[in-house]
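Right, one structure below, let's go through it.
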Amino acid sequence: MSIEDQFAEWVKTEQEEPVLHWLKQATDKERRALVPSIKKLSKYYNEYITSDNRSYSSRGTEKQHAILHFAAYVCFNKTEYLKSDRPTWIIDPKNLNRIKDWYHPDWFSEMLNKEAESEFMVYSLTYPLVLKLTDQGLLQPSHRLWARTLSTIIFQDKGIKDKWGDEFKPEKLLERPETLEEHIWYFFEEETELHLAGRYNHYGENADLSKIGWIPAFTQIAAEGRIDRQRLLKESLLASNKNYNKNLSGFYMDLFSALFPTTAELMALQPELISVLNAPHSKVVNESLQHLKIIAGDKNFDSDSLLAAAPVFLNSKTKTTVSAGLMLLEQIAKKHPGKQEGIAILCTQALVHADDGLQTRAAKLISRYGNAADPGLLDSILPYQDGLLQSARELLQPYLTIQHGSAAVITAAEANTIITQERTPVQIVTSTDELIFLSAQAFDNNDPLHIDLLPAALVAMQPKLKGELLAQLQPALQRALQLTRNNFRSTEGYYDHMLGIFFIDVCIHLVRKYPEDTKALTALFEKFDQQDGDTVKKWLNLAVNDNYISTWSNYYKDPYYLPRKQWLMDVLQKIKAGDTLPLLSTPTHYPGWIDPQVLVERILVYQQQQQLADQTDLLMALGRVDLKDTVLALQFAKEKLAGEWLDLLVFLLTPGAEPAGEITQPEAWITAALSKRPLRVYEALQPFGLDEYYFKKYTGQFSWKTLEESFERDEYKWEGGKMKTIKVMDSRKILKIDFPKAPVAKETSGMKALLEKLKWKQKERKQAQIPLLYDYYEIKSQFFSNEHNDLRRALLMAPANLEAFLPAVIDRCMSRPAYIGEGDKKMTLAALQLLYETWDAQGEMAHLLLATAMLSADKTAAQTAAEIWVQYAPVGKLDVALTGKIIGIHEQVEFAPLKRFNDLAVQSLFRISPQHNRLLETMIASILAELPAEPIKHLKKLLELYKELFLLNQTVKLPDAVAVKLKEWKLNSGLAKLITGFGI
Amino acid sequence: MSDIITYQYQNPSALLKSATGDELFLSKYSEVQKKEAPCFFWGRLEDPFITARCLITLSNVVQSSFSLSPFEMAKLKDPIVTAGHEKIRFEGFSHCAGVYARVDVLPGGYDGEFPENGTTNVDFNQPMISALSRVARNEKVMLSVGKKEVAISKGTEKVVERKVPLPVKWIKGLTSVQLFLAEAEQVFSFNRVQALQLFQSIPAGKPKADYYLIVRGNKPMFSPVKAVNAICVGGVQRLKLIEPLLAYADELRVFPHPQMQSTTWQLYFGKIRFSLSLSRDSWRGFSGEGAALESLIEDVPDTWIDAVDKYSYANQVFNPVMLAAEEGLDLQRIDNITGRLSAMGLLGYDLDENHFFYRRLPFKLSRILSLNPRMKDAEKLLEENKVEILLRNDNRVEAKVAGSGVHHTVILDGEQERCTCTWFSRHQGERGLCKHVLAVKKKLAQG
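Residue numbers (numbering that gives the first Met the number 0), protein chains in the order written: chain A, 0 to 983; chain B, 0 to 446.
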């Protein structure tokens, strides 16, 4: 028997000893010869198998795996071993000890040191093991290996069977002298997770957690004089400014502070303390400032170095840092009169912050210590002049050289940066080249309109879709087939999948129509045929009248995908029938509009051919018509169209027109009515079901409320060595949209009503047979995956009435003060982005989305909302009072911290143009009018901003509702002084 | 070739204290410079405080990574320094190769001599960086790049040897970023207060969305929505790397790439400049952009490269027309020369002066040339005879290229190059040509 066969037999029969014996005595050459066998057997025993189709496990037993690991370790070279399935297996004393006396590869140290670089270091690689191996001369540990293994040494498992419990054992550090002399200092050299060490441990119910952890351990050994305290202070300070992550940097600063450095020690560490002021994390900078404050009065304090570092903390984004910095400068100014003028100049840098408190404090220091005759000081103030708030402006009046605001004043129109000046036309495919390259990229979501353009191109190019051209569709078909294997990219959505399936159906049609020219496509289909149990699922095994697109759905069966699916089914049918009449709904310009003239032209073709358009195509077209300028299109329609087409288009394109003539396609008329502005109920359409309820539903104008509600939740508590679940009452803030139930006729009840529900489409709008697009605007997904890449495309089915979709988005994504998941955030953003591009006299739901987004924790969402406000408020398309009112209603229960709005207003809405300032004042007045009598948190900042605007806009009279509120709030001592400033 | 590169420094770099003032000694190493390392610069820094802060920021850039977790990051890549032609330039890249930074110390920013010229790696170690942050305003600091003959350090000599995996992305980024810089144009100039206001509008955290730099009145800000004439920045949080320098800067200039594939942010401090270039997005490194691929299609004769290497010296302006004239080279191929030389790590680009300058990366040329996998893939397609030209006339070329499982269509129509492959479909040519188009072009070039 060859050694390969013998080895296979040993593995099979789980005989470990003979294998170890053989490995020990084998020559290098013999060991190398066994490598292929080990690889082959490892692969075999690692395969996952199942006996019951429910549970899966690897084929090998624990012993068989162990034999293969030993063999791999001994026979493989470094690269092979490190690439093997579990190289860390050997880093375990119980395995290593059986082999290390007779086999020790020269890459052993490298392997362990590399392990210390990995994100999750193997659990069995411990400090005692590293010590032992080092003692035995088997390991040369890297500093990082020492640091990472040492970080867990003070936390020990109690070792009580079946009980979870740990002990804090700082004395472990004393067992070996080199631990404190050498290894512990590597913590200050290497980035570890020292601050998180022991975080999952449990020390019993009564443990005082403030006395457990690395900081208590360090303070204890320092107090006992076992470690060089001066070095510890210095190293922890330096480590806090080593570009480590925020928490670890903060940990080192906490350690420094926990050692309670004396004044003399702080004096000795002045250069380090000052250098820490350059640290990127505000906590570290703040604490350093606090320590410097203690010694700033000392006669040997290096104030020049501090002053040189001052620009960094004065320009910090953290208010407390700037504030503490100014205090420190004031301290130095008092102590060193000769430095006062320089300090006054430095303080001008704090004027960059649009914060009344900071500006006032800086202005006071400037006016106290500055020399008004110093041109240097005047030059330093000049760049900040436009941004000065009223109180700082008053304090600095003697230093201001030009008239306030003159440089910064722009008109609201100049502030408008939106790209709407020119409509960007959509490139419609006209050549075979373009079709080939469009199909190759159509499933990538490079352009949200590809889902319209590819089907439109396939319909239009049918006469040319034959011969050699067909083989060139091969790459696109490959992409489509790959998508069916859920090969999703982060930028793709379910629509891409849907479009891919549609394309597969089209290709199957082409294969059947032109079998000779499509052999390349047939071969590709066969390549993607899939084994399904005992049968092979063949793509081309499909009945002639059947298709794949009709069975498409996403996991949660979201209704809003259905209209597009129906549309693609209709398009497929058109292609199968050889119908080349143009699709009505293909957009002509971005983001997804149709030029009304082009729509009339397309309808004319149908009229001339006496053909009816597909319903979904027609409804989408009517939801996409750009009604900004309809004069020419109307004239053209009147000249060319006749009958109901004419009546419908005249109604759609004539501002203020009423429906007239015979209505045989009520869905089209209702859709047209909902695309028109201003929105209203038309009497002529009421008999077709557009009553008050459906008008609300189709325009998204539901009532809503923000409230705080109680609910029961689970809490986990550690009791008697076990984790217990207990029920506790809690409260949460919630934004609720009232989706009223569809009116049900009185006579239907019981079983009859249930049957009615099953026929839900017919029931919902009884008079009509065909549902509108808006009947599908519902989100069912419990969790989002790639839906955010689809929302834009869903809304673009009818951009003229996208508000109909917003209640679903708000209810699903924005009903809580914080986003539940990343998907909710991305969905909100997608809706906001499209609103930014298409906003036009929206109703309350769009304002609700906008106002709620202004309170969002996500800065991108909040800033996008702010941009919508900046662009559309001055042109009267956005109701600032309504936006303010909604924010005020949210703040009645403090749905989200008011600070979020305050910060957004100062950063993005304030001082854009005089008109914006007046609008902002109106909006804030509307917020204030809704707020409760008891001041909410952060109200003061909002009032400060309101006052700033009140003075800036030279408003003469406070709105009555605001005056009432201010009187109520004046009773609050913290606000009284500020409110007196309004003359109340 | 070994995938490990070993930096060998004779001494660690250090900020050395002496009675007359501090001395910033930068220890250097170049794997292409065989002779005993000469001193490239020795002299006094006119503004050591700002220079020190710029170097700290550069060190923050080379230690940062925006698409890898800290544990994935390889060891610190040392910045490189080019000294000569009256300028000292420090260059570095983030680990993810998406952020490029350069400190230029211009004439007037120092008072000293250039005993030799050249480009070298310099040792950036933590103790030296920490020491730099202690350089104060009025301090006198000498700088030496490499060791001057008279020993400046009386301490014990200590050889520093650092083995790091070959920083492939890093080297490739250094070569391709220059082509992005060459195409960039200045769009904005902001004073210090405007720059601070702009940076205040950078959102907290790591926003995934693109941000757009807009100016309202005279106030610049970042907005998450597209706007007229706005500069698009992906991974805007990366800009925070230069935030600590803003308080000291006189001016900030912004140079976007015409197709917004990168942006460069240049801060001015008298005779010192700090440039930060950002790739299109956090997860995209300059290394993968393939900007230089086009210029690699045609082989440039070795004699040209030798000529450049022989006649040029560090930081000298590179003038391709002059070179062509002097060497009698084909003028029509000049455009390719700069691209190719940049891709070989021989050129850098100065945005203010608007010219390429010579600087030879301190890595073996063979290493650098092995870094264009797409080109290698294209060559493989040609070797395997997978490219079939179907039509070729003055303005149009149609070709069929065998891909994995399918045949791709490549059409070159005037300036437009298109392919049906996944790479082209996804990026639409924005990230360089795909291997199929490259192979077709190479085949055409070979005649």
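Quick reminder that beta carbons are idealized off the backbone N, C-alpha and C, glycines included. As the structure is a prediction and not an experimental result, all values here were calculated from the model.
Checking the sheet assignment: what are the DSSP bridge partners for A:W717? Note: A:W717 is bridge-paired with A:M722 in the DSSP secondary-structure output.
With 16 as the cutoff for other CB atoms within 10 Å, does A:Q24 come out buried or exposed? By the 10 Å Cβ count, A:Q24 comes out exposed.
Using DSSP with H/G/I as helix, E/B as strand and the rest coil, what is B:M141? Residue state, collapsed to three classes: strand.
What is the rounded straight-line gap between the Cα of B:R283 and the Cα of A:E890? So the alpha carbons of these two residues sit roughly 41 Å apart.
Compare the C-alpha of A:V275 against each of A:G249, A:L138 and A:E264 and name the closest. Cα-wise, what sits closest to A:V275 is A:G249.
For the beta strand (DSSP E) containing B:L212, list its first residue and its last residue. Residue range Y210 to R215 is occupied by the beta strand (DSSP E) that includes B:L212.
Inside the region 390–444 of chain B only - alpha helix (DSSP H) runs reaching at least 4 residues: The region 390–444 of chain B contains these whole alpha helix (DSSP H) runs: 421–426.
So is A:T148 buried or exposed if we call it buried at 16+ other beta carbons inside 10 Å? Counting every other CB atom within 10 Å of its CB across the protein chains shown gives A:T148 a total of 16 or more, marking it as buried.
Report the three-state DSSP secondary structure of B:K153 (helix, strand or coil). Residue placement at B:K153 cannot be trusted, given a pLDDT of 36 that sits under 50; the coordinates are not used to answer.
Would you call the region 92–106 of chain B and the region 129–136 of chain B touching, i.e. three or more CB-CB distances under 8 Å? The answer is no - the region 129–136 of chain B does not touch the region 92–106 of chain B, with fewer than three Cβ pairs under 8 Å.
Check whether the Cβ of B:G216 lies closer than 8 Å to any Cβ atom in chain A. So, interface residue.
Is A:R997 buried or exposed, if buried means 16 or more other CB atoms sit within 10 Å of its CB? Given a span of 0 to 983 for chain A in the structure shown, any question on residue 997 of chain A remains unanswerable.
Which value, in whole angstroms, describes the spacing of the CA atoms of B:G431 and B:G234? Counting only the Cα atoms, B:G234 lies some 21 Å from B:G431.
In chain order, which alpha helix (DSSP H) runs of at least 4 residues are fully inside the region 901–936 of chain A? As far as the region 901–936 of chain A is concerned, its whole alpha helix (DSSP H) runs of at least 4 residues are 913–929.
Measure how close the beta-carbons of A:Q139 and A:S108 come, nearest whole angstrom, since I'm counting them as under 8 Å. With 8 Å as the limit, A:Q139 and A:S108 qualify as a contact, their Cβ atoms being about 5 Å apart.
Are there 16 or more other CB atoms within 10 angstroms of the CB of A:T663, so buried, or fewer, so exposed? So A:T663 ends up on the exposed side.
At the level of alpha carbons, what is the spacing between A:E843 and A:P931? Each residue's alpha carbon lies about 22 Å from the other.
Between A:Y547 and chain B, is any beta-carbon pair separated by less than 8 Å? Taking Cβ atoms only, chain B never reaches closer than 8 Å to A:Y547, which makes this a no.
Less than 8 Å between CB atoms is the rule here; does B:Q315 satisfy it with respect to chain A? The Cβ of B:Q315 sits no closer than 8 Å to any Cβ of chain A.
Is the Cβ-Cβ distance between B:F92 and B:L54 less than 8 Å? No, they are not a contact pair.
Between the Cα of A:L539 and those of A:D528, A:A323, A:D533 and A:H280, spot the shortest distance and give me the residue it belongs to. Closest by alpha carbon: A:D528.
B:R279 burial status per 10 Å Cβ neighbour count (16 or more: buried): Under this definition B:R279 is a buried residue.
Mind checking the region 204–215 of chain A against chain B and listing, in chain order, the residues whose C-beta falls within less than 7 Å of any C-beta there? Those residues of the region 204–215 of chain A that come within reach of chain B (Cβ to Cβ, closer than 7 Å) do not exist; the list is empty.
Given this structure, state the Cα-to-Cα distance separating B:R136 from B:L23, to the nearest angstrom. Distance between the alpha carbons of B:R136 and B:L23: 15 Å.
Do we get a CB-CB distance below 8 Å when we pair B:I241 with the residues of chain A? With a threshold of 8 Å between beta carbons, B:I241 makes no contact with chain A.
Span of the beta strand (DSSP E) around B:H354: Counting along the chain, the beta strand (DSSP E) containing B:H354 begins and ends at H354 to Y357.
Does the count of Cβ pairs from the region 417–427 of chain B and the region 345–359 of chain B closer than 8 Å reach three? Counting C-beta pairs closer than 8 Å gives fewer than three between the region 417–427 of chain B and the region 345–359 of chain B, which falls short of the contact rule.
Length of the line joining the Cα atoms of B:V232 and A:D373: One C-alpha to the other measures close to 41 Å.
Measure the C-alpha to C-alpha separation of A:E114 and A:L247 and round it to an integer number of angstroms. For A:E114 and A:L247, the distance between alpha carbons rounds to 21 Å.
Within its chain, find whatever has a CB closer than 8 Å to the CB of A:N285; leave out the 5 residues flanking it on each side and keep chain order. For A:N285, where only same-chain residues beyond five positions count, the Cβ hits under 8 Å are T317, T319, T320 and A323.
Which whole-angstrom value describes the C-beta separation of B:H256 and B:V316, a residue pair presumed to lie in contact below a C-beta threshold of 8 Å? Between B:V316 and B:H256 the Cβ distance is about 22 Å, and since that is not below 8 Å, they are no contact.
Looking at chain B, which residues of the region 115–140 of chain A have a Cβ within less than 7 Å of any of its Cβ atoms? Taking 7 Å as the Cβ-Cβ cut-off against chain B, the residues of the region 115–140 of chain A that qualify are E116, S117 and E118.
Beta carbon of A:L437 nearer than 8 Å to that of A:L453: Between A:L437 and A:L453, the CB-CB gap stays under 8 Å.
Here's a check: name, in chain order, each residue in its chain whose Cβ is nearer than 6 Å to the Cβ of A:I602, leaving out the five neighbours to either side. Excluding residues within five positions, the ones whose Cβ falls inside 6 Å are W644.
Go ahead and label A:D625 buried or exposed: buried means 16 or more other beta carbons lie within 10 angstroms of its beta carbon, across all protein chains shown. Burial call: buried.
What number of angstroms, rounded off, separates the C-alpha of A:Q985 from the C-alpha of A:K537? In this structure chain A extends from 0 to 983, so residue 985 of chain A is not present and cannot be described.
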